[in-house]
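Peer 1: Have a look at this one.
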Amino acid sequence: MSITKADILSRVNQITGRSETDIDDQIYDALLEISERTRALKTSTTGSTTANQAYISKPSDMAGDIIDGLILDTTRYDPITWDEWLDNQGYNTGVWPNQASGISGWVVRGDYIYVRPTPDTVKSYTLYYAKYHPSSLDTILFEDKFRRAIIHLTAAFVYEKYEIDDQQEKEMVLYEREINRLSVSSPPSVVQPRSFRS
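When you line the sequence shown up against the numbering used here, it's residues 11 to 208, in that order.
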C-alpha cells in the first residue's frame with residue numbers, strides 16, 4: 011500500500027481535530043526532514059570531472075553531507091576528513107605533495123565533494139547518495155513503514171503553524187518514537203539526530 015497526500019491530510023485532520031484542506035507545505039517539510047534523518051531514498055548520478063579541478067559539485071537533491079560511494083573511472087574512493095584533504099593538498103603543511111603520493115579519498119564540504127588526488131584528466135564518475143524527497147507530492151516515495159512518522163511530523167508542523175505548543179510537543183514525541191522504531195527495524199538506513207529549529 012502506498013502513502014498518498016490525501017491519506018496524510020485525512021489522518022492529520024483526525025489527529026488535530028481540524029478541517030484543513032491544504033497542508034502541502036507541512037507535508038513537504040516532514041518529507042524533507044525524514045529524507046535527511048533516515049537517508050532512505052537512495053539514488054546515484056553520473057558525470058565527468060574537470061581536468062585539474064579538485065572537486066565535483068554536490069547534487070542539489072543530496073540529503074545532508076554523507077555519500078554512500080564515489081567511483082572515478084573504475085576506482086572506488088573512500089571518505090577522508092577535511093584535514094586529511096588539506097594536508098595532502100599541501101595547505102596545512104606548506105609542502106606541495108606529488109599528486110601520485112599520499113592518500114586517495116573524498117570529503118564533502120559546502121556545495122562540493124573534494125577529491126584527492128585531483129584528477130589530472132577528465133574522468134567519469136558515479137556518485138551514490140541519499141536524496142531529498144522531490145517537491146511533488148503526487149507520489150510519496152517513502153515505503154509504507156514511514157507512514158506513521160510522516161503523519162506525526164506533519165501533525166506537529168500543523169500544530170506549530172497554529173502555535174499549539176503542547177500538542178506539537180506530543181506529536182514530536184510520537185514522531186521521534188517512530189523514527190527510533192525505524193532505525194531498529196531497518197539497519198541499512200542511518201537515522202541522524204534531529205536538528206533543532208530556531
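We put the CB at the ideal spot given by N, CA and C, even for glycine.
1) Could you tell me the boundaries of the alpha helix (DSSP H) in which Y169 lies?
2) If L151 and K15 are in contact, beta carbons under 8 Å, what's the gap, nearest whole angstrom?
3) For T255, which of I76, T56, P144, A61 has the nearest alpha-carbon?
4) Starting from the C-beta of Y169, find all residues in its chain whose C-beta is less than 8 Å away, skip the five residues before and the five after it, and write them out in chain order.
5) Is the CB-CB distance between I37 and T164 below 7 Å?
6) How far does the beta strand (DSSP E) with S54 in it extend, from its first residue to its last?
7) Does the Cβ-Cβ distance between S134 and R126 come in under 7 Å?
8) Nearest-angstrom Cα distance between S54 and L137?
9) If you measure between the beta carbons of I77 and Y139, is that distance less than 7 Å?
10) What's the gap between the Cα of V194 and the Cα of K171?
11) With a CB to CB cut of under 6 Å and the five nearest residues on each side skipped, what residues in its chain are close to L7?
12) First and last residue of the beta strand (DSSP E) that includes L254?
13) Considering R119, what are the terminal residues of the alpha helix (DSSP H) in which it resides?
14) Excluding five sequence neighbours on each side, which residues of the same chain lie with their C-beta closer than 8 Å to the C-beta of A110?
15) Can you list, in chain order, the residues of its chain whose CB lies under 7 Å from that of T91, leaving out five sequence neighbours each side?
16) Among V22, G74, T59, which one has its Cα closest to the Cα of L213?
17) Using DSSP with H/G/I as helix, E/B as strand and the rest coil, what is V132?
18) So does I18 have its beta carbon nearer than 6 Å to some heavy atom of the ligand SAM?
19) Output the distance between the C-alpha atoms of D154 and D39, rounded to the nearest integer angstrom.
20) Any idea what DSSP makes of Y38, helix, strand or coil?
Peer 2: Here's the rundown:
1) By one-based count along the sequence shown, residue 169 stands at place 159. That run of the alpha helix (DSSP H) goes 157-171.
2) As a first step, residue 151 must be located in the sequence shown, where it is residue number 141. As a first step, residue 15 must be located in the sequence shown, where it is residue number 5. Rounded, the Cβ-Cβ distance is 12 Å, inconsistent with contact.
3) Here the chain covers residues 11 to 208 and nothing more, so residue 255 does not appear.
4) Numbered from 1 along the sequence shown, position 159 holds the residue referred to as residue 169. Only T26, D175, Q177, Q178, E181 meet the Cβ criterion.
5) One-based indexing of the sequence shown puts residue 37 at position 27. One-based indexing of the sequence shown puts residue 164 at position 154. Their beta carbons are under 7 Å apart, which means I37 touches T164 by this criterion.
6) Taking the first residue of the sequence shown as position 1, residue 54 is located at position 44. It spans 52-58 - the beta strand (DSSP E) in which S54 sits, taken as one unbroken run.
7) Here residue 134 corresponds to residue number 124 of the sequence shown, with the count starting at 1. Here residue 126 corresponds to residue number 116 of the sequence shown, with the count starting at 1. No, Cβ-Cβ distance for S134 and R126 is not below 7 Å.
8) Within the sequence shown, numbered from 1, the residue matching residue 54 stands at position 44. Within the sequence shown, numbered from 1, the residue matching residue 137 stands at position 127. Going by the C-alpha atoms only, they are around 5 Å apart.
9) Within the sequence shown, the letter at position 67 stands for residue 77. Within the sequence shown, the letter at position 129 stands for residue 139. Result yes, Cβ atoms of I77 and Y139 sit closer than 7 Å.
10) Against the sequence shown, residue 194 aligns to sequence position 184. Against the sequence shown, residue 171 aligns to sequence position 161. Cα to Cα, V194 sits roughly 31 Å from K171.
11) Outside the shown range of the chain, which is 11 to 208, sits residue 7, and nothing can be said about it.
12) What the structure shows of the chain is the stretch from 11 to 208, and residue 254 is not part of that stretch, so it cannot be assessed.
13) In the sequence shown, counting from the first residue as 1, residue 119 sits at position 109. Where R119 is concerned, there is no enclosing alpha helix (DSSP H), although the beta strand (DSSP E) it sits in stretches over 115-119.
14) Reading the sequence shown from its first residue, position 100 is the one you call residue 110. With a pLDDT of only 48 at A110, under the threshold of 50, the placement of this residue in the model should not be trusted; the figure read from the coordinates follows. Within the same chain, A110 has close Cβ partners P127.
15) As a first step, residue 91 is located in the sequence shown; it is residue number 81 there, counting from the start. Correct list, in chain order: V117.
16) Residue 213 cannot be examined here, being either before or after the span of the chain that is shown, 11 to 208.
17) Position 122 of the sequence shown holds residue 132. Note: V132 maps to coil in three-state DSSP.
18) Absent from the structure shown: the ligand SAM. Ligands present: none.
19) Here residue 154 corresponds to residue number 144 of the sequence shown, with the count starting at 1. Here residue 39 corresponds to residue number 29 of the sequence shown, with the count starting at 1. The alpha-carbon atoms of D154 and D39 are separated by roughly 18 Å.
20) For this step, residue 38 is matched to residue 28 along the sequence shown. Of the three classes helix, strand and coil, the one that applies to Y38 here is helix, per DSSP.
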